[in-house]
Amino acid sequence: MNFSEHTKIRKEKFGTVVFDTLTEKIFITDQIGADVLGLIEQGKDLPEILSTLTASYDGDSQAIEKDVVEFIEQLKSNDIVTV
Amino acid sequence: MDTLAEDKNLVRLTNPGPDDELRQAVRGANCDDYQSPLFIAWQINSACNLGCLHCCQEAGRSLPDELTRKEALDLCTQIADLNVPYMAISGGEPLLCPYLFEVSKLLKSSDVSLKIETNGEFIDEQTAKRFADLKLRSIQISVDGVTAEAHETLRKAGNWEKAIAACKYLTKYGVILEVVFVPAKFNIHQVGDAVDQAYTLGAYGFYTGKTMRIGRAAKNWDILCPSEQEYEKFLEILKAKEAEYQGRMKIYYYPYDIIEELKYRLEYPSTSLMVLPNGKVKMAGPLPFICGDLRKESLKQVWQNYKKAWKNPEVIEFTKKVIDDPKLVAEANNWRQI
């Protein structure tokens, strides 16, 4: 999983900005979203991302998985990431 | 660029304009919260080989105090340091700038997504290859009709065939091409064909919108400005073309005029800066206010100036006056420091 060529990511005080500079779409996400993006940037695949986040965050692992998978699907459908 | 978005939901933010639905969706960040701009529009020079009737910048001759090569490269370093993700370089005609490629290479190597906006007349096959090697975000070419007459009536001293040839060279070498069409009384009827032409040329996107009454456009308004009926038909055609080319070519048209834009910007200033050829920074195209000078201040400081400037009573009062009396947009190029 990689970011698409025109995707730029920048952390701000209020969240993380994901900017597809080709389509000019902007996306703002929270800390968990930022963590997912950071793991994608490190080249982690989905199982590794889920494992890392489940260890980092309290909460039901199935709920975390559902949330993360949904988030990544959104990133894919908007061409922020490619597989 | 607008900065308003729902949590994790992707919302189109680029110049959504005075869209009430989008405003209702707004919560959270505005430009005040951003550490640096998300976008910079840099007019790298004022020299131009053309004398376009609508030119907002009234370009043609160089300004006496334009940034030097060294100053321009220093600006690129500051842009990279502030992690500005996206930029557009225009002019004048940017290919007349002797250090355009050097600047472009530096920005690209700093991971800035860069678009160059040009009339295309200096893009031969060799230049197209140079752009291809740089792998920039895109090159935007102005093509204002499907006939030389239409294009060259607007672009005085222009050559439609050269603009078309530039498009072909760029797509031949895999450069992402965008085509811009400026509507005027004498070419607006060609917009549908112009969209089709852009697709045939391999364009990624076709961009248009209402002509802005700034600079030379303001001076030539009587011969330029389409009627409201012509604009209505123009927008109908564009909507139809948008559906026709869905998934094949992006068609973007900004339906609002300059006054609607200003009303919106008073409430939601853009998270962007406009750098002039002499390093001064303008708050917005339709306004005359200069909020910084990159020869004297850092880009970081100018960004802080910009955010404060939108709260300045003089700016607010003048902007409201322009909204009430659009003819005041003619002041846009009478720069004054705020």
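Quick mapping for you: the protein sequence lines, in order, are chains X and Z.
Using the numbering used here, you'd call the opening residue of the first sequence number 14 and step up by one each time.
Using the numbering used here, you'd call the opening residue of the second sequence number 383 and step up by one each time.
Backbone N, C-alpha and C define an ideal beta-carbon position, used for all residues, glycine too.
For residue i, go through chain Z and note every residue whose CB falls closer than 8 Å to its CB, in chain order.
i     : result
X:S50 : Per the sequence shown, residue 50 of chain X should be read as Leu rather than Ser. Within 8 Å Cβ-Cβ: nothing; X:L50 doesn't reach chain Z, min ~11 Å.
X:E25 : A411, D415, Y416 and Q417
Give every residue of the same chain whose Cβ lies closer than 6 Å to the Cβ of residue i, excluding the five residues on either side of it in the sequence, and list them in chain order.
i      : result
X:I39  : F32
X:T20  : D33 and I93
Z:E531 : none
X:K89  : none
Z:T500 : P476 and L477
X:R23  : V30
Z:Q683 : none
Determine, using beta carbons only, whether residue i and residue j come nearer to each other than 9 Å.
i      : j      : result
Z:G661 : Z:C437 : no
Z:G502 : Z:A545 : yes
Z:A714 : Z:P670 : yes
Z:E560 : Z:Y581 : no
Z:S418 : Z:L464 : yes
Z:C458 : Z:L489 : yes
X:I62  : X:I53  : yes
Z:G474 : Z:A423 : no
Z:V562 : Z:Q508 : no
For a test of the three-state rule: what should DSSP assign to residue i, helix, strand or coil?
i      : result
Z:Y589 : strand
Z:V704 : helix
X:D33  : strand
Z:T553 : helix
X:D80  : helix
Z:F563 : strand
Z:I426 : coil
Z:L404 : Since pLDDT at Z:L404 reaches only 44, below the 50 mark, its modelled position is unreliable, and the value read off the structure follows with that caveat. It is helical.
Z:E699 : helix
X:K21  : strand
Z:C673 : strand
Z:R718 : strand
If the cut is a Cβ gap below 8 Å, which residues of chain X does residue i touch?
i      : result
Z:L658 : In chain order: nothing, as chain X lies at least about 23 Å away.
Starting from the C-beta of residue i, find all residues in its chain whose C-beta is less than 7 Å away, skip the five residues before and the five after it, and write them out in chain order.
i      : result
Z:D401 : Interpretation of Z:D401 is limited by its pLDDT of 45, a score under 50 that renders its predicted location unreliable; no figure is taken from the coordinates.
Z:A691 : M665, F671, C673, V697 and I720
X:K26  : none
Determine the chain X residues that contact residue i at a beta-carbon separation under 7 Å, and present them in chain order.
i      : result
Z:N465 : R23
Z:S495 : H19, K21 and T34
Z:Y589 : Those within 7 Å of Z:Y589 in chain X number zero; the least Cβ separation is about 11 Å.
Return the chain-ordered list of same chain residues with a C-beta closer than 8 Å to the C-beta of residue i, the five sequence neighbours on each side being excluded.
i      : result
Z:H533 : V525, D526, G527, G540, W542, A545 and N569
Z:K702 : L648
Z:Y586 : S520, I558, L559, E560, M631 and K632
Against residue i, what residues of chain Z qualify as contacts under a CB-to-CB distance less than 7 Å, listed in chain order?
i     : result
X:L35 : R519
Subject >> Segments of 3+ residues assigned as beta strand (DSSP E) that fall wholly inside the stretch 440-493 of chain Z >> reply: 468-472
Original post:
Which whole runs of the alpha helix (DSSP H) in the stretch 589-663 of chain Z are 4 residues long or more, in chain order?
Top reply: 598-601, 603-606, 610-626 and 640-649
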